[in-house]
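Going left to right, the sequence shown walks through residues 194 to 299 as our numbering numbers them.
Each remark here refers to the structure printed beneath this line.
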Amino acid sequence: VPVNISTSFTTVALETEMASSSTRHVPCVDGYSGQIQLSCQDGLLYSSASCVPEGCSATSAAEVLVGGASMSITPRDFVAHGSDLEHANCSDAHTGYKGVIHTTCR
């Protein structure tokens, strides 16, 4: 069944049949916390999601490419979803470039 989570859709597959008038909860997809509620009514499957984006942990990494050279930017600490990660200088990736690389937790 398609499930709308935040600004995207995902598909949740049932591993076993559901009886009519029953409800089942499954965990949200990776990157989100919460649950997806599946309900079966008269042979039709309905879904509702209470999934919220997780933030970016200190083990998260953003790979960036500057002038053909790549580098990884990781936060020093947990960063909330939608917040800025660490900034890096373009010259850290490639000496021929100037400026700043801005990254956001999504």
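Beta carbons are placed, not taken as given, at the ideal position from N, Cα and C, and that holds for glycine.
Everything numeric in this text was worked out from a predicted model, so none of it was measured.
Exposure of Leu231, with buried meaning 16 or more beta-carbon neighbours within 10 Å:
Classification of Leu231: buried, given that the 10 Å Cβ count is 16 or more.
Nearest-angstrom Cα distance between Val245 and Val222?
Using only the alpha carbons, I get a separation of about 10 angstroms.
Starting from Cys283 and walking both ways along the alpha helix (DSSP H), at which residues does that stretch end?
Cys283 to Ala286
Residue of Asp277, Val257 and Ser243 minimising C-alpha distance to Cys249:
Across the set Asp277, Val257 and Ser243, the C-alpha of Asp277 shows the shortest separation from the C-alpha of Cys249.
Looking at the unbroken beta strand (DSSP E) that takes in Glu256, where does it start and where does it end?
Ala255 to Val259
Have a look at His218 and Gly261 and give me their C-alpha separation to the nearest angstrom.
45 angstroms
Suppose you measure from the CA of Glu279 to the CA of Asp270; what does that come to, to the nearest Å?
10 angstroms
Can you round the beta-carbon distance between Ala251 and Ile266 to whole angstroms, since I take them to be within the 8 angstroms contact cut?
In fact, because the Cβ distance is near 12 angstroms, the residues do not count as touching under 8 angstroms.
Those runs of the beta strand (DSSP E) which lie wholly inside the region 202-290 and span at least 3 residues
215-220, 225-234, 237-246, 255-259 and 262-266
Under 9 angstroms between the Cβ atoms of Ala242 and Val257?
no
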